[in-house]
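Numbering (my numbering), first residue to last: 1 to 460.
Glycine included, each C-beta is placed from N, C-alpha and C at the ideal position.
Heads up, the thing below is written out as structure tokens.
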Amino acid sequence: MDKVASLRDKHPTFLYESFDYKKEGDSLVISFLFEIPPSIKFNPKVTIENINQAVFSTLDEAIVKNFVFNLGLIEMISYWKATCSPTIEIKTGSLDRNQIVWWKNLLIEGLGEFFYRNNINFNEGNFVNIINDAKNNYQKDKNTHKDRYVVLNSGGRDSTVSLEVLKELKKEVSVLMLNPTVASIAVKNESQAKDQIVVTREIDKKLLELNANGYLNGHTPFSAYLAFLSVLCALLFDYKFVISSNERSSNEENIEFLGEKINHQYSKSFEFEKSFRVYLKENLADDIEYISLLRPLYEIQISKLFSTYNKYFKVFKSCNRGQVTDSWCGKCPKCLSTYISLYPFVNKKELSGIFNEDLYAKKDLSNLLLYITGIEKPKPFECVGTYEEILEGIRLSIKKLNEENESLPYLLGYAKENILNKQNFSANKNSHRPEILTAWDDDNFLPREIAENLKTKIKK
1 MDKVASLRDK HPTFLYESFD YKKEGDSLVI SFLFEIPPSI KFNPKVTIEN
51 INQAVFSTLD EAIVKNFVFN LGLIEMISYW KATCSPTIEI KTGSLDRNQI
101 VWWKNLLIEG LGEFFYRNNI NFNEGNFVNI INDAKNNYQK DKNTHKDRYV
151 VLNSGGRDST VSLEVLKELK KEVSVLMLNP TVASIAVKNE SQAKDQIVVT
201 REIDKKLLEL NANGYLNGHT PFSAYLAFLS VLCALLFDYK FVISSNERSS
251 NEENIEFLGE KINHQYSKSF EFEKSFRVYL KENLADDIEY ISLLRPLYEI
301 QISKLFSTYN KYFKVFKSCN RGQVTDSWCG KCPKCLSTYI SLYPFVNKKE
351 LSGIFNEDLY AKKDLSNLLL YITGIEKPKP FECVGTYEEI LEGIRLSIKK
401 LNEENESLPY LLGYAKENIL NKQNFSANKN SHRPEILTAW DDDNFLPREI
451 AENLKTKIKK
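Pasting the structure below:
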């Protein structure tokens, strides 16, 4: 019996036992109780700082409980994956049949990378069943909310562009930061956003102990967690619009596994955004909108827009490995993808100030380049651009240097010889795909005013 089968046999049931929330000073502290019988219990916590007491005091308890219960459902996935128990029993809150189908789909799609990396056959019959016999009187929020925007801010390019677009449109904007980093705080300060919502998420250390002892571990749909957290914050602080900054590029899968497309960025994709918006309207709130402001754009288009906001150059960070040290590692797919997308639009001095090195001069990145351009598979399991736009970014980088009569650094020379030529790209054409920088995806939920602003920007 392999490890996965052994764990499922040893732990056939996962329990979502309960949730609780209480005011502690100016903060709202939320806790969840999950259990894997016979003896494993988890008690993760979420703290939302500086609650708006005037708003909170007017909220019906049954509405708040509904939002917190659902936050627990997305939190639960991080703990369930340790054993992949065949049965999930929800002992608090209630789910109708459509909700159970929705959560099973999110679990399968959102954990696709996890299943692939752990070689788990999620297609086998009744891989997971969700049981829920509890009854409650939780209610949907039918209140109207203030016409203002809360922007998820992680300190990267995407959220800075969203903040600047909303500021140009003179919208009332606040930022939401989960476990704030140096970069996210600095971006907030540079943006001059009116207010901030700060949230701390504490993972139960017992999960880390299980991981160290051979239990299953891997990627979870983090952006889905942010979606549920952000709409709860919209309720608590009275915001109509929740703004994420997920882009068109996130729709591209990494690899196929067991006949299914596996997408590291599933919970950033349009498919998830569309699905979540339906779930939100049917089960949580009539007047809270979850919108990805950059949905119509590729990452390279966002980089071009970002290049006009140079006040952020010294403070933004997109490297996950360098979050703790507020740095760029210069070695990962995220760093290389970001560098390629910025290079055509940012001068070399400013680019050097961002990364502190020329990534195109690094011979040790040549193998990674093959993977992010699709020559080798799978596509790296990080939030990187599509194959097509990475190739276009390389071509534009070469074109830029040719026009400046400068020699190509190692990685661009390597790319020209081993990648572009094989892909029938020409570094001297005006553009292989001239429309990629002005492309627009109609699969989006943008209000007309925001859509028109973005369309004007990408035409410049």
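Check, Outcome
"For Val182, the nearest candidate out of Ser31, Glu271, Ser162, Lys317 (CA to CA)", "Lys317"
"Nearest-angstrom Cα separation, counted from Asp287 out to Thr461", "Residue 461 lies beyond the residue range present for the chain, which begins at 1 and ends at 460; the question has no answer from this structure."
"Sub-9 angstroms separation of Pro296 and Trp440 beta-carbons", "yes"
"Span of the beta strand (DSSP E), counted from its first residue to its last, around Lys317", "Looking at the DSSP string, Lys317 is not in any beta strand (DSSP E), and its letter there is neither H nor E."
"Lys400, DSSP secondary structure in three states", "helix"
"Buried versus exposed call for Cys332 [16 or more other C-beta atoms within 10 Å across all chains shown]", "buried"
"Thr456, buried or exposed, once every other Cβ within 10 Å from all chains shown has been counted against 16", "exposed"
"Beta-carbon gap between Thr386 and Glu289 smaller than 9 angstroms", "no"
"Start and end residues, alpha helix (DSSP H) containing Val324", "Taken as a continuous stretch (DSSP letters only), Val324 belongs to no alpha helix (DSSP H), as it is neither H nor E."
"Ile372 vs Ile398 beta-carbon contact at 9 angstroms", "no"
"Coarse secondary structure for Arg201, derived from DSSP in three states", "strand"
"Between the CA atoms of Ser57 and Asn153 - distance to the nearest angstrom", "27 angstroms"
"Host beta strand (DSSP E) of Tyr414 (start-end)", "Run containing Tyr414: none in the beta strand (DSSP E); it sits in the alpha helix (DSSP H), 410-415."
"Closest residue to Val315 among Gly214, Thr160, Leu107, Ala285 (Cα-Cα distance)", "Thr160"
"Contact the region 90-108 vs the region 225-238: 3+ CB pairs below 8 angstroms", "no"
"Three-state class that DSSP yields for Val182 in the structure shown", "helix"
"Beta-carbon contacts of Val446 that lie in its chain and below 8 angstroms, excluding the five residues immediately before and after", "It should be pointed out that residue 446 corresponds to Leu in this sequence rather than to Val. Taken in chain order, the residues that qualify are Ile291, Leu293, Arg295, Pro296, Leu454."
"Exposure label - Ala415; buried when at least 16 CB within 10 Å", "buried"
"Glu113 versus Lys140 - alpha carbon distance", "33 angstroms"
"Neighbour-count burial assignment, Thr438, 16 or more Cβ in a 10 Å radius", "exposed"
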